[in-house]
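Worksheet for the structure shown next.
Number of protein chains: 2
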Amino acid sequence: MPRVSRARQQVAVTADLVILTIRSGELCVLLVERGVPPFAGRLALPGGFLRGGESLEETAARELREETGIAADELHLEQVGTYSAPDRDPRDPRVITCAFLAIAPDLPLPAAGSDARAASWTPVAEARETGLAFDHDAILRDAVRAAGRKLQFTTIATAFCGAEFTIGDLRAVYEAVWEVELDKPNFHRKVTDADGFVIPTGGRRSSANGRPAALYRAGPAESLVPPMMWSRNARS
Amino acid sequence: MPRVSRARQQVAVTADLVILTIRSGELCVLLVERGVPPFAGRLALPGGFLRGGESLEETAARELREETGIAADELHLEQVGTYSAPDRDPRDPRVITCAFLAIAPDLPLPAAGSDARAASWTPVAEARETGLAFDHDAILRDAVRAAGRKLQFTTIATAFCGAEFTIGDLRAVYEAVWEVELDKPNFHRKVTDADGFVIPTGGRRSSANGRPAALYRAGPAESLVPPMMWSRNARS
DNA sequence: CAAATAGTGTCTGTAAGACAGTATGCC
DNA sequence: GGCATACTGTCTTACAGACACTATTTG
Numbered sequence: 218m219p220r221v222s223r224a225r226q227q228v229a230v231t232a233d234l235v236i237l238t239i240r241s242g243e244l245c246v247l248l249v250e251r252g253v254p255p256f257a258g259r260l261a262l263p264g265g266f267l268r269g270g271e272s273l274e275e276t277a278a279r280e281l282r283e284e285t286g287i288a289a290d291e292l293h294l295e296q297v298g299t300y301s302a303p304d305r306d307p308r309d310p311r312v313i314t315c316a317f318l319a320i321a322p323d324l325p326l327p328a329a330g331s332d333a334r335a336a337s338w339t340p341v342a343e344a345r346e347t348g349l350a351f352d353h354d355a356i357l358r359d360a361v362r363a364a365g366r367k368l369q370f371t372t373i374a375t376a377f378c379g380a381e382f383t384i385g386d387l388r389a390v391y392e393a394v395w396e397v398e399l400d401k402p403n404f405h406r407k408v409t410d411a412d413g414f415v416i417p418t419g420g421r422r423s424s425a426n427g428r429p430a431a432l433y434r435a436g437p438a439e440s441l442v443p444p445m446m447w448s449r450n451a452r453s
Numbered sequence: 218m219p220r221v222s223r224a225r226q227q228v229a230v231t232a233d234l235v236i237l238t239i240r241s242g243e244l245c246v247l248l249v250e251r252g253v254p255p256f257a258g259r260l261a262l263p264g265g266f267l268r269g270g271e272s273l274e275e276t277a278a279r280e281l282r283e284e285t286g287i288a289a290d291e292l293h294l295e296q297v298g299t300y301s302a303p304d305r306d307p308r309d310p311r312v313i314t315c316a317f318l319a320i321a322p323d324l325p326l327p328a329a330g331s332d333a334r335a336a337s338w339t340p341v342a343e344a345r346e347t348g349l350a351f352d353h354d355a356i357l358r359d360a361v362r363a364a365g366r367k368l369q370f371t372t373i374a375t376a377f378c379g380a381e382f383t384i385g386d387l388r389a390v391y392e393a394v395w396e397v398e399l400d401k402p403n404f405h406r407k408v409t410d411a412d413g414f415v416i417p418t419g420g421r422r423s424s425a426n427g428r429p430a431a432l433y434r435a436g437p438a439e440s441l442v443p444p445m446m447w448s449r450n451a452r453s
């Protein structure tokens, strides 16, 4: 009896979402507590099954809306990878998943999910310690790496911020995702010099102490030239 | 009657392979002629259905072996993306595919596929003109882009070459995938200076004309620092 | 005033790109 | 020698990173 049957196998497919944001300088991910087996009571990435007539992108967009109330066209949604180890989900029929990365500003809070599941922002460091259901630890790790790579070459960092933000806010994004400290003066110059990355609004924002920071909004550029390099420390 | 049913849908899943190589300076992809509907007689990427007990990576490795005789651990195999548009495959049950990128040296020729399908290397430019079955045009485009990005930051270019190669061979890889011309002297210095990219074997190879080029083999480094940038022309 | 954060100026090392010039093969 | 290809040297410009310094706020 061969372990690998020659028959083509039909499977159920889910789209799982890694929705990242920055809350008070910390990288956070939206997690839900599973209400039903398998892994009932454990934390997991939000997600759901592919339905007839849908592409996986549409499934992901629908889940995003159901879990957070955000329309998918308001933020980036991109594939991270497909996870298909035969033992990744104990259910039968077999379940494979396509993971999507979404980047969101600090939201008012996922309004008590219409899906009735308890959804909440969890620091990524904490999620890694606790451990997630299924193979979601690996998915989260891959998604954070993908986000880190995108920060290098695109202006996606502004998607982590609200409509108006300071250069310090933007630097906090890079520092949280890359887990490094960046030189403030050099970062400031690089960002403000890059063509179409940020546009000054003229406003300023006071904090408790110190000189108020100038406010910016996202510029029209999508790719960031020259890239923001952190390859010296090349992990991934 | 909603277009999107609320029922979770079971689907069949394939792994499709984009196997790239360089033949006389031209980027080529391994294509098969389909013997059965849908798209019978049309060119398509090699691939096959996920079987019970297999991950998609294992499916891809098995198809690679069946189509080319190459063992998967001899070359890179990595996910490009999953394609799931509802109308991408007319068959029922519905079929979605996970595309993999493989990079191969110029092989002796895919030994008359054990799968009995006519497999052959086709220049990518030609494949784009002719058009492929299913959504394989989009998959091919995405895979070539992914390969181009990998060339920037990894030493994967050596995987396109045989065990021994000249710097000119290596440069041809970059020029074919990126569709640019690179400065020969600068490329030479950059590659030979990069730590662990290439190692001189001491041998030389004569061509018809001119000074024989020194031979190299792949070095131990996997990531390329500093990266080989072509971001000035940033397409993708 | 001190403390704190925002932002600018300047210097140094490294690397990219342009391209002149040298080396070494075949006819 | 002529020609083609491989390779080296050198110059210019651009950018990363370090860090001294100035600016503007609160207390």
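Chain order of the listed sequences is A and B. Under the working numbering, the residues of the first sequence are numbered 218 to 453, in order. Under the working numbering, the residues of the second sequence are numbered 218 to 453, in order. By construction, the Cβ of each residue, glycine as well, lies at the ideal position given by its N, Cα and C atoms. Source: prediction; values computed, not measured.
For the alpha helix (DSSP H) assignment, the uninterrupted runs of no fewer than 4 residues enclosed by the stretch 303-372 of chain A are, from N- to C-terminal side, 341-347, 353-370. Taking the Cα of E275/A as reference, the smallest distance to any Cα among L248/A, D233/A, L262/A is reached at D233/A. The beta carbons of A393/B and E243/B sit about 6 angstroms from each other, so the pair counts as a contact at 8 angstroms. No Cβ of chain A is located within less than 8 angstroms of the beta carbon of A411/B. For R434/B, the uninterrupted beta strand (DSSP E) run begins and ends at 430-435, by DSSP. The beta carbon of A261/B sits closer than 7 angstroms to the beta carbons of L248, V249, R251, L349, A350, F351, H353 from its chain, once the five residues preceding and following it are set aside; these are given in chain order. By the neighbour-count criterion, in which a residue is buried when 16 or more other Cβ atoms sit within 10 angstroms of its Cβ, A376/A is buried. The shortest C-alpha to C-alpha distance from T299/B to any of V312/B, P322/B, E439/B is the one to V312/B.
Under the Cβ distance rule, T375/A does not count among the residues neighbouring chain B, no pair being separated by less than 8 angstroms.
Between D290/A and G436/B, the alpha-carbon positions lie close to 44 angstroms from each other.
Judged by DSSP in its simplified three-state form, G427/B adopts coil rather than helix or strand. In the DSSP assignment, R388/B falls within the unbroken alpha helix (DSSP H) covering 384-395.
Shortest Cα-Cα distance from R308/B to any of L368/B, D410/B, P255/B involves P255/B. Here the C-alpha atom of R388/B lies approximately 32 angstroms from the C-alpha atom of E295/A. Following the DSSP letters along the chain, one finds R279/A inside the alpha helix (DSSP H) bounded by residues 273-285.
Membership of T375/A in any alpha helix (DSSP H) is not indicated, and neither H nor E is assigned to it by DSSP. With respect to the 8 angstroms criterion, G413/A and A438/A are classified as neighbours on the basis of their beta carbons. Chain B places no beta carbon closer than 8 angstroms to that of T372/A, leaving this residue out of the contacts. Only buried fits I236/B, as 16 or more other CB atoms lie within 10 angstroms of its CB. The beta carbon of P310/A sits closer than 8 angstroms to some beta carbon of chain B. Under the Cβ distance rule, L368/B does not count among the residues neighbouring chain A, no pair being separated by less than 8 angstroms.
Taking the C-beta atoms as reference points, A374/B is found nearer than 8 angstroms to L368/B. In the three-state DSSP reduction, P417/B falls in the strand class (E or B). For A229/A, the residues of chain B that pass the 7 angstroms Cβ criterion are R225, Q227, in the order they occur in the chain. Under the 10 Å beta carbon count, S301/B is surrounded by 16 or more other beta carbons and is classified as buried. Assigned with DSSP and collapsed to three states, R268/B falls in strand. For G270/A, at least one C-beta of chain B is nearer than 8 angstroms to its own C-beta. Taken through DSSP and simplified to helix, strand or coil, R240/A comes out as strand. A232/B is bridged by DSSP to G265/B, C315/B.
Chain A places a beta carbon closer than 8 angstroms to that of A302/B, counting this residue as a contact. Taking the CA atoms as reference points, G385/B sits about 13 angstroms from R434/B. Any Cβ of chain B closer than 8 angstroms to the Cβ of G252/A would place that residue at the interface, and such an atom is absent. The continuous stretches of alpha helix (DSSP H) do not include V442/A, and DSSP gives it neither H nor E. Check the Cα spacing between A319/B and each of A342/B, L273/B, A335/B, L281/B: the tightest is with L281/B. Excluding sequence positions up to five before and after A364/A, its CB lies within less than 7 angstroms of the CB of L237, L318, I320, V394, all in the same chain and listed in chain order.
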